[in-house]
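Student: First residue of the sequence shown? That's 29 in the numbering used here, and the numbers climb one at a time after it.
Built from N, CA and C at the ideal position, the CB exists for glycine as well.
These numbers were taken from a predicted model, which means no experiment stands behind them.
Pasting a structure here, questions to come.
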Amino acid sequence: MGFFDLNIPYPETTTKSEKSTIENNRIKLAVKAMELGYTGIAYNRTMKGIMSDNNRCSISPLSLSSLLNVVPFLSSSAKLHRELLGVPSSTPFRQYTRLTVCVENHLQANALNAGNPILKTYDLVAVKPLNQTVFDIACERMAVDIISIDFSAKLPFRLKQAMVKMAIQRGVVFEVSYSGLISNVQLRRQLISNAKLLIDWTRGRDIVFSSAAPSVNELRGPCDVSNLLLLFGLSKEEAKAAISKNCRVLLSNALRRKQFHKEAIRVEVLSLNVASHSKEARHQELLKWDPISSGKGDILLDDMENSGPTSCKASKTIKAIDFDSVLDSLPSQGCQLKDFLPANDAFSIFSTNKVNFVSVAKNVNQSTPVPNTLTEQPNRPDICPEQDGRSSLE
């Protein structure tokens with residue numbers, strides 16, 4: 029069971045400089061989420077007003093090279109946190125796309141239907157109601173996966189238990205963002221008091237928590253988020269399910285509606301190689317089908333290790349020094365200075381200095397006696413010799 033953060037903001041850009049800054053921030057958020065042990069994130073694009081063709085999904089998943097450029101040893105830190113969380117290292121890191129529509133009238137609400145081709149370009153579709161009428165319509169019939177509510181501000185509508193139950197019966201999930209719990213004390217109190225009623229009605233089920241973090245400073249790990257959710261009165265199991273099990277069920281239902289005809293039939297174009305396979309091989313291939321894979325943007329940790337820095341790969345192929353072979357290659361009479369210098373250099377050194385090493389060694393042996401014991405000190409020259417047997421002060 030993996031952990032998910034289904035609300036990583038993807039702001040709109042107007043200039044190239046803003047686009048570069050936002051893209052760098054998105055890469056840092058994805059790297060941080062992977063380091064903390066998350067197995068999936070969703071890039072959330074928020075829009076207001078009338079929907080048009082310009083609102084089609086243009087969010088491309090991040091490549092493996094872009095993540096490794098920020099942290100070359102990303103796979104090792106991700107594996108460490110996954111081991112602590114009990115998540116298998118073979119689980120891929122998935123990237124999803126999401127559209128959140130802020131709705132305030134009937135015209136905008138009617139655009140959120142199952143036949144809208146723009147909505148099908150996203151993996152997840154969420155609605156943010158701005159008044160009571162839109163909230164009721166969202167719970168009754170809107171073709172959305174998530175109803176996102178900003179509990180850190182004053183609610184523009186009143187929560188009704190009947191409407192909440194109707195949305196849950198349709199498979200719609202409610203979302204609460206925890207970034208307000210980190211910002212300041214006042215928002216924390218307001219968020220907890222407003223969301224407490226919804227959590228009591230849902231009993232911790234059919235509700236997901238996400239970060240909506242604009243930067244890496246607001247992003248927290250799965251264990252920290254679970255501890256924060258205890259403030260809402262959830263148990264440890266319910267808090268963990270709000271960022272793992274509930275998210276997985278949400279993704280499975282959303283992708284099934286997107287990829288299957290009437291949520292039952294899936295049509296795929298088979299290549300010639302696949303068509304020639306036996307029924308048993310095709311059956312095994314279907315058993316390996318992943319219900320929460322969007323089909324693009326999946327990154328395996330093993331691929332990250334294989335695509336690591338070249339220095340790491342080179343260091344693994346370096347052989348240790350074989351000292352035995354080095355000693356065997358040395359001459360039996362030992363090494364001399366001329367063995368380590370070129371012939372011309374060795375000849376020039378001895379010819380220019382013209383030192384008789386044999387005579388020097390004899391003089392040293394004759395003038396410097398060797399002490400017999402450790403306490404005996406060799407003769408040393410007197411540093412301050414007396415001048416004519418009298419002190420220098422006289």
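1) Among MET332, ILE196 and GLN189, which has the Cα closest to the Cα of MET170?
2) Considering only the beta carbon of each residue, do LEU113 and PHE31 sit closer than 8 Å?
3) Between LEU278 and PRO319, is the Cβ-Cβ spacing less than 8 Å?
4) Taking Cβ positions, are LEU34 and CYS275 nearer each other than 8 Å?
5) Note down, one range per segment and in chain order, each alpha helix (DSSP H) of at least 4 residues found wholly within the segment 163–246.
6) Short of 8 Å in beta carbon distance, which residues of its chain neighbour ALA58, apart from the five on each side in sequence? Order them along the chain.
7) Taking Cβ to Cβ, would you say LEU127 is nearer than 8 Å to ARG198?
8) Counting C-beta neighbours from all protein chains within 10 Å, is the total for ASN245 16 or more, i.e. buried, or is it exposed?
9) Are there 16 or more other CB atoms within 10 angstroms of the CB of ALA190, so buried, or fewer, so exposed?
10) For MET75, which beta-bridge partners are listed by DSSP?
11) Looking at the C-beta of ASP326, does it have a partner C-beta in chain B at a distance below 8 Å?
12) Classify GLU168: buried if its beta carbon has 16 or more other beta carbons within 10 angstroms, exposed otherwise.
13) Counting pairs of Cβ atoms below 8 Å between the segment 203–215 and the segment 173–181, do you hit three or more?
14) Could you check whether VAL153 and VAL172 sit closer than 8 Å to each other, using their CB atoms as the reference points?
15) Grouping DSSP H, G and I as helix and E and B as strand, with all else coil, what is LYS107?
16) Given PRO184, which residues of its chain have a CB within under 6 Å of its CB, disregarding the five upstream and five downstream residues?
17) Given that a residue counts as buried once 16 or more other Cβ atoms are within 10 Å of its Cβ, and exposed if not, what is ASN222?
18) Give the single residue among ILE210, SER322, ASN138 and ILE327 whose Cα lies nearest to the Cα of ILE78.
19) For PRO250, report the span of its beta strand (DSSP E) as first-last.
20) So, at 6 Å on beta carbons, what are the nonlocal neighbours of GLY249 in its own chain, with the 5 sequence-adjacent residues on each side left out?
21) Starting from the Cα of LEU219, find the closest Cα among LYS188, GLN287 and SER180 and give me that residue.
22) Determine the extent of the alpha helix (DSSP H) in which LYS324 is found, giving its start and end residues.
23) Check the C-beta distance from LYS156 over to CYS130 and give it rounded, since I have them as a contact under 8 Å.
24) Pull up the CB-CB distance for LEU187 and LEU226, whole angstroms please, since I reckon it's below 8 Å.
25) For the alpha helix (DSSP H) containing ALA282, name the first residue and the last one.
26) Evaluate SER322 with the Cβ neighbour count: other Cβ atoms within 10 Å of its Cβ, from every protein chain shown; 16 or more gives buried, anything less gives exposed.
27) Based on Cα-Cα distance, which residue from THR125, ASP330, ASP228 and VAL253 lies nearest to CYS85?
28) Using 10 angstroms around the beta-carbon of ASP151, count the other beta-carbons present and answer buried if the total reaches 16, otherwise exposed.
29) Kindly give me the distance between the Cβ atoms of VAL98 and ILE50, rounded to whole angstroms, as I take these residues to be in contact under 8 Å.
30) Candidates ASP326, PRO100 and LYS76: which alpha carbon is nearest GLU132's?
31) For PHE260, count neighbouring C-beta atoms within 10 Å of its own C-beta (all shown protein chains included) and say buried if the count is 16 or more, exposed if not.
Tutor: According to the data block:
1) Closest option to MET170, Cα to Cα, is ILE196.
2) Cβ atoms of LEU113 and PHE31: closer than 8 Å.
3) No, the Cβ-Cβ distance between LEU278 and PRO319 is not below 8 Å.
4) Yes, these two residues count as a Cβ contact at 8 Å.
5) Qualifying alpha helix (DSSP H) stretches, in chain order: 189–197, 208–211 and 213–230.
6) Within the same chain, ALA58 has close Cβ partners ILE36, ILE69, LEU90, LEU95 and GLN123.
7) Judged by beta-carbon spacing, ARG198 lies beyond the 8 Å limit of LEU127, meaning their Cβ atoms are not closer than that value.
8) Exposed, by the Cβ-count rule.
9) Looking at its Cβ environment, which holds fewer than 16 other Cβ atoms inside 10 Å, ALA190 is exposed.
10) DSSP lists VAL129 as partners of MET75.
11) Included in the structure is just one protein chain, with no chain B present.
12) Of the other Cβ atoms in all chains shown, fewer than 16 fall within 10 Å of the Cβ of GLU168; this residue is therefore exposed.
13) Cβ pair count under 8 Å is three or more, so yes.
14) VAL153 sits close to VAL172, with the two beta carbons spaced by under 8 Å.
15) Three-state DSSP puts LYS107 in a helix.
16) So the qualifying residues of the chain are LEU158 and ASN159.
17) ASN222 is buried by the Cβ-count criterion.
18) Selected option, being the one with the closest Cα: ASN138.
19) PRO250: not part of any beta strand (DSSP E); member of the alpha helix (DSSP H) spanning 250–257, first to last residue.
20) LEU64.
21) Of the candidates LYS188, GLN287 and SER180, the one whose C-alpha sits nearest the C-alpha of LEU219 is SER180.
22) First-last for LYS324: undefined, no H or E at that position.
23) Indeed, because the Cβ distance is near 5 Å, the residues count as touching under 8 Å.
24) Right, their Cβ atoms sit about 6 Å apart.
25) Where ALA282 is concerned, the enclosing alpha helix (DSSP H) starts and stops at 273–287.
26) With 16 or more Cβ atoms within 10 Å of its Cβ, SER322 is classed as buried.
27) Minimum Cα distance to CYS85 is reached at THR125.
28) Classification for ASP151: buried.
29) Actually they do not touch by this definition, with Cβ atoms about 15 Å apart.
30) Residue LYS76 is the option with its Cα nearest to GLU132.
31) Its Cβ being crowded by 16 or more others within 10 Å, PHE260 is buried.
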